[in-house]
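Engineer:
In my numbering, the protein residues as written are 59 to 309.
Given below as structure tokens:
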């Protein structure tokens, strides 16, 4: 066995172990480690969640995200969002010479294609942004994820607690992933310190309620062309209302 193929076999073996935790009355073992509890924060399509037999509903609206990093000097210090007829483009400063550009969309409203071609096609719907990137070079491969709505039936399975995207997700529209994950991690730790993991389930619902209701409502409201076309003009005409919604999401 060559060094490369051997390393791949080892990685696959460790990944297989990590995805199949073993639980008994007092501990859980995964990846060769044994502990009293396991917090699973392994992403949107959590392999651990699937292994534990936790079904996740996807909701009625399937949305996907696709992103690419570019070498270009950022022209803004904030996250810049551009709304198109069917998709949104998000520009995020990453470094002094680099930005990330992500597009959120519904697959039925974009051409079926490989990741790079799909990204190029989606970006063509934002001509001003496309012109800004005309001379930029790629800083990463194109990456995507979806469908974004993930609603697991539960988040506590014996001695395993789901945290972050694996615990449930609505949409990237409001950009709260990291803050929600940190709040959930705190709730999980508090529950485990009290030796009461069942408390985490209740606290998860309290912690994420505002995000879930507001984000689900915004996504549903903007799936129809008329409300979507009116959203940005309405926010411009009622800045106080817009600020209030943003502040609610930021709490």
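Built from N, CA and C at the ideal position, the CB exists for glycine as well.
In this text the structure is predicted, and so the values were computed from the model without any measurement.
1. The alpha helix (DSSP H) with residue 277 in it runs from where to where?
2. What's the gap between the Cα of residue 64 and the Cα of residue 287?
3. From residue 226 to residue 127, what does the alpha carbon distance come to, in whole angstroms?
4. By the three-class DSSP mapping on this structure, what secondary structure does residue 298 have?
5. Going by beta carbon distance, what residues of the same chain come within less than 7 Å of residue 184, once the five residues before and after it are set aside?
6. Count the other CB atoms within 10 Å of the CB of residue 123; is the residue buried (16 or more) or exposed (fewer)?
7. Please state the DSSP three-state secondary structure of residue 200.
8. Quick one, are the C-beta atoms of residue 114 and residue 211 less than 9 Å apart?
9. Between residue 259 and the rest of its own chain, which residues show a CB-CB distance below 6 Å, the 5 nearest in sequence each way excluded?
10. Under the assumption that residue 145 contacts residue 161 (Cβ atoms under 8 Å), give the Cβ distance between them as a whole number of angstroms.
Structural biologist: On the basis of the data shown:
1. Here the alpha helix (DSSP H) through residue 277 covers 256 to 279.
2. Residue placement at residue 64 cannot be trusted, given a pLDDT of 37 that sits under 50; the coordinates are not used to answer.
3. A straight line joining the alpha-carbon of residue 226 with that of residue 127 spans about 26 Å.
4. Under the three-state reduction of DSSP, residue 298 is assigned to helix.
5. Non-local beta-carbon contacts of residue 184 in its own chain, meaning distances under 7 Å to residues more than five positions away in sequence, involve 140, 142 and 147 in chain order.
6. Classification for residue 123: buried.
7. If DSSP states are grouped into helix, strand and coil, residue 200 belongs with coil.
8. Against a cut-off of 9 Å, the Cβ pair of residue 211 and residue 114 comes out as a contact.
9. Closer than 6 Å at Cβ, skipping near neighbours: 213 and 214.
10. Going by Cβ atoms, the distance from residue 145 to residue 161 rounds to 5 Å, so yes, they are a contact pair.
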